[in-house]
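Residue numbers (our numbering): 3 to 302. Glycine is no exception: its CB is placed at the ideal position from the N, C-alpha and C atoms. Nothing here was measured: the structure is a model prediction, and the numbers come from that model. Before any comments, here is the structure.
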Amino acid sequence: MKAKKINRREAVKNMSLSIGAMGITGTLTGQFSNADPDNAPHIQTGLKGNINHAACRWCYQNIPLLEFATKGKEIGLKAIDLLKPDEWKIVMDAGLKCSLATDTFASITDGFNDVRNHDKLQKQYLELISKASNAGIQQVIVFSGNRNGISDNAGWEHCAQGLDVLVKHAEKNNVTLVMELLNSKVDHRDYQCDHTPWGVKLVDKIGSANFKLLYDIYHMQIMEGDIIATITKYNEYIAHYHTGGVPGRNEINITQELNYPAILKTILDTGFDGYVAQEFIPTYDDPLKALQEGITICDV
């Protein structure tokens, strides 16, 4: 049965209220069936260890967190993304890390590009950065916010102003703030940090090793394409990666247009040693089989 279509904004809100064949053996003879992953070619279970595999919690919100962490570790996860403070210990007790911290106040639409949000966000993020540092978590997500008529120049200025005190606090606490690149065509209409050069200019403006970008491959394929060349050019600005199949944001197998083994090889060739987190919406009856497939495809 096909999963109910959700998006991250809805999933995070709900939670706060309660192979391009590097990963298969043999030769692909046909396309995967999303309805029946058992018909796909055999997936390797032994991982190479070159990629730090993670997954975004919201995509698997129907699985209790402890169960997700335990089973995720068995199939190769090293960490889970987008966890709130009350979830960190659960995952750590299961032997995984929180690869990217967030909290219920983090807003994609109301971000640092609007000066009216600064006081509130600064207070909330200062506390979150301290909590993350104390828990040994090294990355915290931030967002530009929607344009709402704000020009690119004003957006850069406002974000730099609003993030200044937080970046300085992050530097003292061994935490990196990462701003996510999102598409403004399909999922997040009007979001300002929707092209890599926009984010790169902000990173340069802030000028700290503790502020970088989250390069979401799904989102940037929709906005820009040219994924491998972009990663090669701007890799030093990127601290974290997300995956997702285009179109549709479902499994990353050959039913979609991106060549993930080639993309992951490029990421690896840049010397990247951070986390690559699966952020697709599973359609398989068993979402953990979809996750295992994604991990295997990305295990270059």
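Residue pairing by DSSP places Ala96 opposite no residue, since no beta bridge is assigned to it.
Ser101 and Lys91 have their alpha carbons spaced roughly 13 Å apart. Fully contained in the region 154 to 235 are the following beta strand (DSSP E) runs of length 3 or more, in chain order: 178 to 182, 213 to 218. For Ile143, the beta-bridge partners assigned by DSSP are Val180. For Asn54, the enclosing beta strand (DSSP E) begins and ends at 54 to 58.
Scanning its chain for C-beta atoms nearer than 6 Å, with the 5 sequence neighbours on each side dropped, one finds around Asp83 the residues Ala56, Cys58, Ser101, Leu102, Ala279, in chain order.
A residue is called buried when at least 16 other Cβ atoms come within 10 angstroms of its Cβ; Ser146 meets this threshold and is buried. In this structure, DSSP gives Gln124 a helical state, which the three-state scheme calls helix. Met94 and Asp88 have their C-alpha atoms roughly 11 Å apart.
Excluding five sequence positions before and after Thr111, the CB atoms of its chain that fall closer than 7 Å to its own CB belong to Gly147, Asn148, given in chain order.
For Ala108, no alpha helix (DSSP H) encloses it, and the DSSP letter there is neither H nor E. Contact annotation: the region 267 to 276 does not touch the region 251 to 259, with fewer than three C-beta pairs closer than 8 Å. Here the region 173 to 182 makes no contact with the region 222 to 229; the two share fewer than three CB pairs at distances below 8 Å. The count of Cβ pairs closer than 8 Å, one atom from the region 282 to 295 and one from the region 242 to 255, reaches three, so the stretches are in contact. Put simply, the backbone Cα of Val205 is about 25 Å away from that of Thr106. Around the beta-carbon of Thr104, 16 or more other beta-carbon atoms lie within 10 Å, marking it buried.
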